[in-house]
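The opening position of the sequence shown corresponds to residue 1 in UniProt numbering, with each subsequent residue numbered one higher. Input: a single structure, listed below in structure tokens.
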Amino acid sequence: MISALWGALLIRVHSSPVSSPSVSGPPRLVSCGSSQSSALSQSGGSTSTTGTEARSRALGRRWCPAAIMLLALVSLLSCLLPSSEAKVYSRCELARVLQDFGLDGYRGYSLADWVCLAYFTSGFNAAALDYEADGSTNNGIFQINSRRWCSNLTPNVPNVCRMYCS
Numbered sequence: 001m002i003s004a005l006w007g008a009l010l011i012r013v014h015s016s017p018v019s020s021p022s023v024s025g026p027p028r029l030v031s032c033g034s035s036q037s038s039a040l041s042q043s044g045g046s047t048s049t050t051g052t053e054a055r056s057r058a059l060g061r062r063w064c065p066a067a068i069m070l071l072a073l074v075s076l077l078s079c080l081l082p083s084s085e086a087k088v089y090s091r092c093e094l095a096r097v098l099q100d101f102g103l104d105g106y107r108g109y110s111l112a113d114w115v116c117l118a119y120f121t122s123g124f125n126a127a128a129l130d131y132e133a134d135g136s137t138n139n140g141i142f143q144i145n146s147r148r149w150c151s152n153l154t155p156n157v158p159n160v161c162r163m164y165c166s
């Protein structure tokens, strides 16, 4: 998908003769103008595509300021998307993370208890989301409920943990 966007952003310059700007026709998102030399169009040059003309048109491609801005925006968004993807942990990987956070033996629960809870509530999926009949949601690996513990922007929720569910 990203390669298709890159290709779409490279603006091919049309081979029509240079003329004064016109307002007629449909509006374009990005317009860079013409690349055919005025000498060729004034001398009555042919518009057929020979090998030399095809090479000169390929060299005549250029980037428009609007295309550069669009490319920068698409690049920024493509960098941010992978970071928002949820992680599905393996059993051992989650056990290591929980141990690093000191949950082994926390309030009398072993690491095996925490891993078992995570497996049966979410399947080790950090983005697990379950909707309840009352409109609340259960979120994340441990399926923390939004009715009391976190906020999903629902009014009149206690939000005991003082954090967003997402």
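Even glycine gets a Cβ: it sits at the ideal position worked out from N, Cα and C.
Beta-carbon separation (whole angstroms), residue i vs residue j, contact threshold 8 Å
i: A118; j: L103; result: The pair is not a contact, with the Cβ atoms about 10 Å apart (cut-off 8 Å).
i: S151; j: G140; result: With a Cβ gap of about 14 Å, S151 and G140 do not count as contacting.
Option nearest residue i by Cα separation, candidates the options
i: D134; options: A128, V115 and R147; result: R147
i: C116; options: C161, R162, V88 and F142; result: F142
i: A86; options: S151, A128 and N152; result: A128
Contact set for residue i: own chain, Cβ-Cβ below 6 Å, skip 5 residues either direction
i: N145; result: S136 and N138
i: S3; result: For S3, the predicted structure reports a pLDDT of 41, less than 50, and the residue's modelled location is therefore unreliable. A value from the coordinates is still provided. Once the five neighbours on either side are set aside, S3 has no close Cβ partner at all.
Rounded C-alpha distance that separates residue i from residue j
i: N125; j: P155; result: 27 Å
i: G105; j: P65; result: 59 Å
i: W109; j: I68; result: Inspection of the sequence shows that residue 109 is occupied by Tyr rather than by Trp. Approximately 55 Å, taken between the alpha carbons.
i: D100; j: M163; result: 22 Å
i: residue 181; j: C161; result: Not covered by the structure: residue 181. The range shown for the chain is 1 to 166.
i: F120; j: W114; result: 10 Å
i: P158; j: C165; result: 13 Å
i: L111; j: C92; result: 11 Å
i: V88; j: L98; result: 14 Å
i: W149; j: R107; result: 19 Å
Residue i: first and last residue of the uninterrupted alpha helix (DSSP H) it sits in
i: D113; result: L111 to S122
i: L98; result: R91 to D100
Neighbourhood of residue i by C-beta distance below 8 Å, restricted to the same chain and skipping five residues each side
i: E132; result: N138, N145 and R147
i: R96; result: none
Host beta strand (DSSP E) of residue i (start-end)
i: residue 167; result: For residue 167 there is no data in the structure shown, the boundaries of the chain being 1 and 166.
i: T154; result: Unbroken run through T154: none, as it is neither H nor E.
i: N138; result: T137 to N139
Cβ neighbours of residue i in the same chain (closer than 7 Å, five flanking residues each side left out)
i: D130; result: T137, N138 and Q143
i: L153; result: none
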